[in-house]
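All you need for the working numbering is the position in the sequence shown, starting with 1, plus 90.
Glycine residues also receive a C-beta, built at the ideal position from the N, C-alpha and C atoms.
Here the structure comes first, spelled out in structure tokens, and everything after it is commentary.
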Amino acid sequence: MPKITYITPIGTEHCFDADSRSSAMQTAVQHRIPGIDGDCGGVADCGNCHVWVDQNWLERIGPARAGIEAEMLALTDGSTPFSRLACQIELADEHEGLVLRMPTDQH
Ligand code: FES
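As structure tokens, then:
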């Protein structure tokens, strides 16, 4: 069970033990992190699970996948090279300590 930290736009940190078989979006929804609703159910079609991966983690997590994830992020406010859709981040034990920051608005 990797420990994952979500940081809200106002700097509040939410730290949880995540199920290593779930996505970062599913973990956020399960723990009711405000601002990540998972409206599309995790098929990269709503963009409201946009997160910025902490710079130290980007190499391990990897950039947004080409195709539907990158296309959705291109339409998302505040998208940067550190952006990922939390629903496309499949958690595993090696993600212990992962830090995800949330933008001000989720669309
Ligand atoms: S939950 Fe909709 S894009 Fe991730």
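When secondary structure is reduced to three states using DSSP, D167 falls in the coil class, being assigned neither helix nor strand. Shown here, D135 sits in coil according to DSSP, grouped into three states, outside any helix or strand. Here Q116 is buried, its C-beta having at least 16 other C-beta atoms within 10 Å. In this chain, the beta strand (DSSP E) harbouring L190 covers V189 to R191.
With respect to the C-alpha of S113, the residue from I100, G101 and K93 having the closest C-alpha is K93.
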